[in-house]
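Comments concern the structure below.
2 protein chains.
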Amino acid sequence: MRRINLKKASVARSDTIRHINRQIVLNYVRERSPISRAAISHETELQRSTVSLIVDELKEQGLIDEVEGESTGGRPPIMLQLRATSPVALGIVLGTKQTVVATGDLAGHVREQEQFLTDPREEETVRQIIDCARKFIKKEEGIEAIGLSLPGLVDPETGKAVFIPHFRWRDWDIAEKLEAATGLPVKVENDANAAALAELWFGRPEIREVRDFVMVLVEEGLGTGIVFDGQIYHGEAGAAGEFGHMTIGTDAPTTCAAGGTECWEAFASERAALARYRKLAGRGAGVVTFAQVVDQALGGERNAQAALLETGRYLGVGISNVIGGLSPEAVILGGPIVRAWPLIGAELLRSVEENSICHGLRDVRIIPSTLREIPTLMGALALVLSSKFAAATTA
Amino acid sequence: MRRINLKKASVARSDTIRHINRQIVLNYVRERSPISRAAISHETELQRSTVSLIVDELKEQGLIDEVEGESTGGRPPIMLQLRATSPVALGIVLGTKQTVVATGDLAGHVREQEQFLTDPREEETVRQIIDCARKFIKKEEGIEAIGLSLPGLVDPETGKAVFIPHFRWRDWDIAEKLEAATGLPVKVENDANAAALAELWFGRPEIREVRDFVMVLVEEGLGTGIVFDGQIYHGEAGAAGEFGHMTIGTDAPTTCAAGGTECWEAFASERAALARYRKLAGRGAGVVTFAQVVDQALGGERNAQAALLETGRYLGVGISNVIGGLSPEAVILGGPIVRAWPLIGAELLRSVEENSICHGLRDVRIIPSTLREIPTLMGALALVLSSKFAAATTA
DNA sequence: AAGTTTTCTCCGGCTGTTGAACAAAGTTCG
DNA sequence: CGAACTTTGTTCAACAGCCGGAGAAAACTT
């Protein structure tokens, strides 16, 4: 029951039908590979002849390859799979500490990867990113586009980073600069949205089939990415998903990126966990990173465990609010904190439960990210790849 | 960039293309009527010949009518408009106090209306609704379906009312009963979602063009309806939009429907306003309805004004959270409280502003409902009508 | 070795859009 | 007043794409 947007609706021409069916066939190859033409025909309502024509087209465009299949009592099928021999996308994740640049193939597999510390000076970071990107593009033929994940407020339509809190960069037109330097189209996204996109396209099958979920990405700050009907929800000016700044209480252990002390981010981000740890451990602790706190907690250190548990509890409070409001099918927790899931998972779930009395009981699945590698990197690749597989936009 | 849902995706056949274009043409007639074939051809990328064929089909199906047009220097156009001569839908709004039953035409205009007090006994209410619906269906030929708005948790897929707090009805399979009694298909929705649907399809043009907005419906309770990409967001089991039970503080003046005292509903519903008024006015007040409080406030009574202002302030707090999380293009306030907008509007906006420090400044439009008549009634009609105009579901 | 099964391809028939030519019904200007 | 122009709507051959049945290919089974 979607309302047609007359301003954007594009009329169906004779080739629209082919375009729609092409995407459906391509997605079958993507999700059920290896799969034969006959099997696709059987599962869809397309004739075998039609599937063959479409497959010819996809082969010609270099999107899929044929491999031998085993007979099940008759002529052996020719199995189809995504061509995964050459990289087609460049993914870049600009993190608060380090920046990762990687190439990926159609199936979303990372092929080569390089990283460097992120420089707090805008121009220097731009230079490094461009250098690295150029190197990859020169080395590998066939890279078609670049996906970029940024830790802040991003407007994907204009390609501008509106605000990166950690470095206090504002109105940074990174997409334009990258496009100019590489000659390739660049897609920019907020890190939480990128992580959500990664789960949607490359998560475990049971997650990929969920069409409405929320990604809670805990890093230095706390961001949320909302997936609705299989697409990232951007809201006005791409500013959606800032549940991190939702008011959930008072007297947080630290401040949020904007200085408030009542936001979810101030209660449940890595910074919040660190602040709790420092308070518990006293002066002796010195400079500590979040990764170290997790390591210590996993090693049995009490203060670190307590700091993480408390953080998990507040994650639960916020998640409970989000569930009440959006009733997603799943909530996925992402970021380095996932390593500590065995420690905090139970407490987090308990806290969600406790705060959900008003919401009635609905069994929303709350799960740690299914992507062991950096989900934001997969997301950056997904920014490019998803457009190849996405639904044909008709009405 | 929508991900294709292979389980639901339906392949494009030769007639799919016609179906898509038919919906586009029909929507042009709906939104720009009266409009000529030539004008539609000009605005879309369809040939005049194609538009003519589609218009013939729509005429035959009784969806549109022709009227004379004025020449602009050439052959005078034949203008097209929705056929609005006969009712096609029955809308039913079950409210906590009264139930409204009405017929509506294709354009969403209410044609005939009848109402009665809602009986707190399930069976009695079902009986009354069925009687009334049958009367309308017998009187008017051509009613095709029934839309029903309910004040509680509804699962539109099964057609069941999961929980109606005010009457404490649970697992009420009203849709099945109505369908059995009338022989017509019945669509059920939560009242806030229905109101949102009404704004989407029948609101002022500037609202209809907004594709992402949130409806905040203040009645005895407080519900929210979320519109994403021109469609109602339901979430898992249709339970989305329960931001009314979002935790926003402590010590609310009353309890929410589930008994909590920290929910938005407990701070900003009609019940909350009444509780504040009673406290301010002391014992002398006696039994007062919310409508009376609004009347008194509009008449200048201080206690009533203070109670409403405080309620407006808390509405602002919750709206601020919703804006932070969803960044909608607009927030629409609905329900009887809209009458008090001149009194509370400024305070509500101020409160949103104050609580949005963390969210950064984005000019989200916050507006009272544009539907003077009962928005939920228009919504109940929209439940039926929207399916006639909605996008062809392809992939 | 012949029959069976499964897979893939080829071809006439159907639906739908395109674009050009044409007919219709006004307005404008000499 | 009438011819030229404008705008609107219709008709028709050509083309794109899918359907479904017939046929060919390549294995397995008995």
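Protein chains in written order, with my numbering: chain A, 1 to 395; chain B, 1 to 395.
No residue lacks a Cβ here, since even glycine has one placed at the ideal position from N, Cα and C.
Nothing here was measured: the structure is a model prediction, and the numbers come from that model.
Query, Result
"Close beta carbons around Gly312/B, own chain, < 6 Å, minus the five adjacent residues each side", "Ile344, Glu347, Leu348"
"Three CB pairs or more closer than 8 Å across the region 183-202 of chain B and the region 362-379 of chain B", "yes"
"Assumed close pair Val154/A, Val188/A - CB separation to whole angstroms, cut-off 8 Å", "5 Å"
"Rounded Cβ spacing between Ser320/A and Ser356/A (contact assumed at less than 8 Å)", "5 Å"
"Glu112/B burial status per 10 Å Cβ neighbour count (16 or more: buried)", "exposed"
"Test: Phe167/B CB closer than 8 Å to a CB of chain A", "no"
"Helix, strand or coil at Gln296/A according to DSSP, with G and I counted as helix", "helix"
"Per-residue contacts from Tyr28/A into chain B (C-beta, under 8 Å)", "Leu6"
"Nearest-angstrom beta carbon gap, Val93/B and Glu114/B [assumed within contact, 8 Å]", "11 Å between Cβ atoms; not a contact."
"Chain B contact for Thr370/A (CB, 8 Å cutoff)", "no"
"Span separating the alpha-carbon of Val322/A from that of Gly108/A", "29 Å"
"Residue range of the alpha helix (DSSP H) that includes Glu354/B", "341-355"
"Beta carbon proximity, Val11/A to chain B, threshold 8 Å", "yes"
"Of the residues Val218/B, Gly95/B, Ala180/B, the one placed nearest Ser369/B, counting alpha carbons only", "Val218/B"
"Environment of His245/A [buried if 16+ CB atoms lie within 10 Å]", "buried"
"Buried/exposed call for Ala133/A, threshold 16 Cβ in 10 Å", "buried"
"Same chain only: Cβ atoms within 7 Å of Glu70/B, ignoring 5 sequence neighbours per side", "Pro76"
"Close-in-space but distant-in-sequence residues of the same chain around Glu242/B (CB under 8 Å, 5 per side omitted)", "Leu153, Gly223, Thr224"
"Pair within 8 Å by beta-carbon distance, Ala273/B and Ala307/B", "yes"
"8 Å Cβ cutoff, Val100/A in contact with chain B", "no"
"Nearest-angstrom Cα separation, counted from Arg168/B out to Glu209/A", "35 Å"
"Residue burial classification, Pro120/B (beta-carbon count within 10 angstroms, cutoff 16)", "exposed"
"Element boundaries [beta strand (DSSP E), containing Gly334/A]", "330-334"
"Glu45/A: contacting residues in chain B (beta-carbon distance under 9 Å)", "Ser10, Val11, Arg13"
"Residues from the region 78-96 of chain A in contact with chain B, defined by Cβ distance under 7 Å", "none"
"Inside the region 96-126 of chain A only - beta strand (DSSP E) runs reaching at least 3 residues", "98-104, 110-117"
"Classification of His234/A by the beta-carbon crowding that lies within 10 angstroms, buried from 16 upward", "buried"
"Cα-Cα separation between Asp363/A and Leu90/A, rounded to whole angstroms", "38 Å"
"Interface flag, Gln128/A vs chain B, CB-CB below 8 Å", "no"
"Exposure of Val216/B, with buried meaning 16 or more beta-carbon neighbours within 10 Å", "buried"
"Best match in Thr247/B, Gly334/B, Gln305/B for proximity to Gly325/A [C-alpha to C-alpha]", "Thr247/B"
"Own chain residues within Cβ distance below 7 Å of Ser386/B, not counting five before or after", "Leu197, Trp201"
"Segment limits, alpha helix (DSSP H) that includes Ile20/A", "14-32"
"For Thr224/A, the first and last residue of its enclosing beta strand (DSSP E)", "222-228"
"For Glu189/A: DSSP bridge partner residues", "Ser149/A"
"Chain B within 8 Å of Trp201/A, Cβ atoms only", "yes"
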